[in-house]
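Read through the structure below, which is laid out as structure tokens, and then see the notes.
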Amino acid sequence: MELDLYDETNQITTEQKELVNSLLEFAGKHLELPDDTEMSVTFVDDDAIQKINKTYRGKDQSTDVISFAIEDEVEDELTINFDNLEEPMPRNIGDIIISVDKTASQANEYGHSFDRELGFLALHGFLHLNGYDHMDPEDEKEMFGLQKEILEAYGLKR
């Protein structure tokens with residue numbers, strides 16, 4: 025899997041970037057994603073994520089993580105078929121935006137490390153990119169169960 029990481033805050037260490045990269049690689053294998061799957065993760069502050077949240081979701085508040093899934097179907101959107109290309113195109117599943125400020129405050133609130141919260145949020149966004157959500161109780165149970173399973177199998181404990 026190809027993962028592009030962007031730190032607009034200059035607060036994420038090399039080790040933390042490696043944690044996010046290896047956790048999402050692990051999750052990709054767990055979900056049996058093709059090796060040529062691509063995505064990005066961008067680390068921002070609360071002001072930046074609030075602007076993104078207002079612009080794209082109509083919510084004028086900061087949040088911890090936002091996912092933009094490329095494969096989400098939108099009504100009346102033209103579908104492009106790449107099946108007949110000589111060389112297959114990589115599968116880009118989308119982008120994850122994580123607030124470093126919210127990561128720190130939630131880690132403190134929940135009584136675990138910044139790294140654990142960062143991994144949790146990255147995985148949460150990753151699952152959204154792969155079609156999981158928590159809009160109703162059944163979907164929430166499935167997504168949160170898978171999230172817990174992957175975090176435990178990876179070894180990222182509270």
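Counting in the numbering used here, the sequence shown runs from 25 upward without gaps. For every residue, glycine included, the Cβ atom is placed at its ideal position computed from N, Cα and C.
Considering residue i, what are the terminal residues of the beta strand (DSSP E) in which it resides?
i: N116; result: N116 to S123
i: T66; result: E62 to V68
Would residue i and residue j be called neighbours here (beta carbons separated by less than 8 angstroms)?
i: D69; j: D125; result: yes
i: S64; j: D119; result: yes
i: I122; j: L153; result: no
i: L43; j: L142; result: yes
i: T87; j: I73; result: yes
i: E32; j: T66; result: yes
Locate the alpha helix (DSSP H) running through residue i, then write down its first and last residues.
i: E32; result: No alpha helix (DSSP H) contains E32, which DSSP labels as neither H nor E.
i: K36; result: The question names Lys, yet the displayed sequence has Ile at residue 36. Segment: none, I36 is in no alpha helix (DSSP H) and carries neither H nor E.
i: G169; result: P161 to Y178
Where residue i and residue j are concerned, what is the direct C-alpha to C-alpha distance, given to the nearest angstrom?
i: D59; j: M25; result: 5 angstroms
i: E101; j: I94; result: Residue confidence for E101 is low, a pLDDT of 46 falling below 50, so the modelled location carries little weight; the figure read from the coordinates is stated next. Answer to the nearest angstrom: the Cα atoms are 12 angstroms apart.
i: F138; j: N77; result: 22 angstroms
i: F50; j: Y178; result: 7 angstroms
i: E99; j: Y156; result: Here E99 scores only 48 on pLDDT, less than 50, and its place in the model should not be relied on; the value that follows carries that caveat. Those two C-alpha atoms are separated by around 19 angstroms.
i: Y30; j: F168; result: 26 angstroms
i: K83; j: I90; result: 12 angstroms
i: E166; j: Q130; result: 23 angstroms
i: G135; j: T38; result: 23 angstroms
i: Q85; j: K75; result: 8 angstroms
i: Q40; j: L27; result: 14 angstroms
i: D163; j: R140; result: 23 angstroms
i: R182; j: E176; result: 10 angstroms
i: E173; j: N34; result: 31 angstroms
i: Q171; j: G149; result: 10 angstroms
i: F92; j: E133; result: 26 angstroms
i: L180; j: L48; result: 12 angstroms
Give me the DSSP bridge partner(s) of residue i.
i: S137; result: DSSP lists no partner for S137.
i: S91; result: I120
i: L142; result: DSSP output for L142 lists no bridge partner at all.
i: E26; result: E62
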